[in-house]
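Here is the structure we will look at, set down as structure tokens.
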Amino acid sequence: MEKLKIAIQKSGRLSEKSLDVIAETGINLNNGSRKLISLASNFPLEILFLRDDDIPQYVADGVADAGIVGENVMMESGNQLEILERLGFARCRLSLAVPKSVNYAGPQHFAGKRIATSYPNVLQAWLSEKNILAEIHVINGSVEIATGIGLADAIFDIVSSGSTLISNGLKEVEKVLDSEAILLASPLMNSRKKEIIGEFLFRIRTVLASRNNKYILLNAPNKNLNKIINLLPGMKSPTVLPLALEGWSSVHSVVNENDFWQVIEKLRSYGAEGILVIPIEKMIV
Ligand code: ATP
Ligand code: ZN
């Protein structure tokens, strides 16, 4: 029977979250002792565990039908593959940083400078686009110490909170790329595999929607009901039921994680009371 092969990182920052999102789709993996390959018992799928840097090439060659990697890794690999979905974890950015004492006046600062990085291709593309000639030093790991030891004048590296830069006496001066984990597809899938990945993607989207939304219930004074309904569009439109107490209604809807606190604040200012927020187990979009 045809099986979809999905490559994920063997061990690193993406591994656990990649397995989590797959587990939430209800697919069971027999991966007690994380081997090279793990087979699903209730879905036509197998997982290949690889180094993240190898995943884009394996997906491009069709050795894997799909893969989960950081967007930064796909960009660096030079393979422009189809992104089926952005997965919302491992968010980071690739940025240029210089010692904090440097007076930085713009990208031309880097002309003739030595820049240390593990992402030479992404950096070179950015420099070329700006017509800047610089010397790129490729180092793998501990890029952030390169200026301190006199190996480079600047670094180009992954930044998330920025605390690593600060503790190495650096400041971020140019953001080049935003990245998060992405689900990639191979251009070489046959029609059966395309069908399977369609079903897998539907499940992944259901998981992401459930993670990003909450069910909300509240009591609304009828005089502000319209304003409250407009704040809570829900999936189609909110459910509104009269309360036994005259002049009040119960409103049920769905609210997105991203505007959650803003919406709550407005609801309170419109006199909403008894607000309950409940996680959603599955949300079919
Ligand atoms: P491998 O051994 O598989 O080559 P690696 O050392 O290259 O692993 P990790 O450090 O596990 O990679 O990082 C994997 C991905 O996680 C990175 O490519 C990036 O997309 C993302 N990432 C890295 N650092 C951070 C961070 N500090 N915050 C959020 N995401 C990050
Ligand atoms: Zn890697």
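Counting from -18, one number per residue, gives the positions in the sequence shown under the numbering used here. All C-beta atoms in this analysis are idealised placements derived from N, C-alpha and C, irrespective of residue type, glycine included. Quick caveat, the model's predicted, so the values are computed rather than measured.
For Ala268 and Ala71, which I take to be in contact (beta-carbon distance under 8 Å), what is that distance rounded to the nearest angstrom? Here the chain has residues from -18 to 266 only, and residue 268 is not among them.
Looking at the secondary structure, which residues open and close the beta strand (DSSP E) in which Asp138 lies? As a working note, residue 138 is residue 157 in the sequence shown. 135 to 140 is the extent of the beta strand (DSSP E) around Asp138.
Does the pairing of the region 170 to 178 with the region 201 to 220 give three or more beta-carbon distances under 8 Å? Counting Cβ pairs under 8 Å, fewer than three are found: no touch.
Rounded separation between Lys42 and Ile147 - CA only: If you number the sequence shown from 1, residue 42 lands on position 61. If you number the sequence shown from 1, residue 147 lands on position 166. The sequence given here has Asp at residue 42, not Lys. Rounded to whole angstroms, Asp42 to Ile147 spans 40 Å at the Cα level.
Option in Ile130, Ser160, Asn9 with minimal Cα separation from Asp138: Numbered from 1 along the sequence shown, position 157 holds the residue referred to as residue 138. The shortest C-alpha separation from Asp138 is found at Ser160.
For Val119, I'd like the list of residues in its chain whose CB is within less than 6 Å of its CB, leaving aside the five on either flank, ordered along the chain. Residue numbering aside, residue 119 sits at position 138 when the sequence shown is read from its first letter. Answer for Val119: Pro101, listed in chain order.
Identity of the residues DSSP links to Leu229 by a beta bridge: Translated into the one-based positions of the sequence shown, residue 229 becomes position 248. Reading the sequence as shown, one finds Trp at residue 229 and not Leu. Per DSSP, Pro202.
Can you find the residues in the same chain that come closer than 7 Å, C-beta to C-beta, to Ser58, ignoring five residues on each side of it along the sequence? Working through the sequence shown from its first residue, we reach residue 58 at position 77. Closer than 7 Å at Cβ, skipping near neighbours: Pro37, Gln38.
Please state if the CB of Glu27 and the CB of Leu(-15) are separated by a distance shorter than 9 Å. The residue labelled residue -15 in the question sits at position 4 within the sequence shown. The residue labelled residue 27 in the question sits at position 46 within the sequence shown. In this structure, Leu(-15) places its C-beta atom within 9 Å of the C-beta atom of Glu27.
Around the C-beta of Met56, are 16 or more other C-beta atoms found within 10 angstroms, so that it is buried, or is it exposed? As a first step, residue 56 is located in the sequence shown; it is residue number 75 there, counting from the start. Met56 comes out buried.
Is Ile139 near the ligand MN, going by C-beta to nearest heavy atom under 8 Å? Judged by which ligands are present, the ligand MN is missing from the structure shown, whose ligands are the ligand ATP and the ligand ZN.
Could you check the C-alpha separation between Leu213 and Leu10 for me, to the nearest Å? Counted from its first residue, the sequence shown places residue 213 at position 232. Counted from its first residue, the sequence shown places residue 10 at position 29. Those two C-alpha atoms are separated by around 38 Å.
Residues in its own chain within less than 8 Å of Gly292 by CB, not counting five upstream and five downstream? Shown here, the chain extends from -18 to 266; a query on residue 292 therefore has no answer.
When you compare only the Cα positions, how much space is there between Lys156 and Ser76? Position 175 of the sequence shown, counted from the first residue, corresponds to residue 156. Position 95 of the sequence shown, counted from the first residue, corresponds to residue 76. Spanning the two alpha carbons is a distance of roughly 4 Å.
Go through its chain and collect everything with a Cβ distance to Val50's Cβ below 6 Å, but skip five positions before and after it. Locating residue 50 in the sequence shown gives position 69, counting from the first residue. Within the same chain, Asp33, Ile36 come within 6 Å of Val50 by CB-CB distance, once the 5 residues on both sides are set aside.
Is any heavy atom in the ligand ZN found nearer than 8 Å to the beta carbon of Gly48? Translated into the one-based positions of the sequence shown, residue 48 becomes position 67. Within the chosen limit of 8 Å, the ligand ZN does not reach the beta carbon of Gly48 with any heavy atom.
Start and end of the beta strand (DSSP E) containing Arg32? Translated into the one-based positions of the sequence shown, residue 32 becomes position 51. Annotation: Arg32 is outside any beta strand (DSSP E) and is labelled neither H nor E by DSSP.
Name the residue from Ser230, Val221, Glu262, Ile197 whose alpha carbon lies nearest to the alpha carbon of Asp240. As a first step, residue 240 must be located in the sequence shown, where it is residue number 259. Residue Ile197 is the option with its Cα nearest to Asp240.
For Val44, name the three-state secondary structure that DSSP assigns. The residue labelled residue 44 in the question sits at position 63 within the sequence shown. Looking at Val44 - three-state DSSP - the assignment turns out to be coil, as it is neither helix nor strand.
Close-in-space but distant-in-sequence residues of the same chain around Trp242 (CB under 8 Å, 5 per side omitted): The residue given as residue 242 occupies position 261 in the sequence shown. Nothing listed; no residue qualifies.
Apart from the five residues just before and just after Asn23, which ones in its own chain have a Cβ nearer than 6 Å to its Cβ? Reading the sequence shown from its first residue, position 42 is the one you call residue 23. The answer, listed in chain order, is Asn9.
Tell me, to the nearest whole angstrom, how far the beta carbon of Pro219 is from that of Val232; I am working on the premise that it is less than 8 Å. Locating residue 219 in the sequence shown gives position 238, counting from the first residue. Locating residue 232 in the sequence shown gives position 251, counting from the first residue. About 5 Å separates the Cβ atoms of Pro219 and Val232, confirming a contact at the 8 Å cut-off.
Use the C-beta contact count for Ile3: other C-beta atoms within 10 angstroms, 16 or more gives buried, fewer gives exposed. What you label residue 3 is simply residue 22 of the sequence shown in a count that begins at 1. Counting Cβ neighbours within 10 Å, Ile3 comes out buried, since at least 16 surround it.
DSSP-derived helix/strand/coil call for Glu(-17): Within the sequence shown, residue -17 is the residue found at index 2, counting from 1. Coil, per DSSP.
First and last residue of the alpha helix (DSSP H) that includes Leu189? Locating residue 189 in the sequence shown gives position 208, where the first residue counts as 1. Boundaries of the alpha helix (DSSP H) around Leu189: 172 to 193.
Answer yes or no: do Gly48 and Leu165 have a C-beta to C-beta separation smaller than 9 Å? Counting from 1 along the sequence shown, the entry for residue 48 is found at position 67. Counting from 1 along the sequence shown, the entry for residue 165 is found at position 184. Yes.
Nearest to Phe30 by CA position, among Gly(-7), Ala78, Glu238, is which residue? Taking the sequence shown and counting its residues from 1, the one referred to as residue 30 is at position 49. Of the candidates Gly(-7), Ala78, Glu238, the one whose C-alpha sits nearest the C-alpha of Phe30 is Gly(-7).
Closer than 8 Å: is that where the CB of Val54 sits relative to any heavy atom of the ligand ZN? Looking up residue 54 in the sequence shown gives position 73. Set against 8 Å, the gap from the CB of Val54 to the closest heavy atom of the ligand ZN is smaller.
Quick check: does the Cβ of Arg32 come within less than 8 Å of any heavy atom belonging to the ligand ATP? In the sequence shown, residue 32 corresponds to position 51, counting from 1. Correct: Arg32 has its Cβ closer than 8 Å to the ligand ATP.
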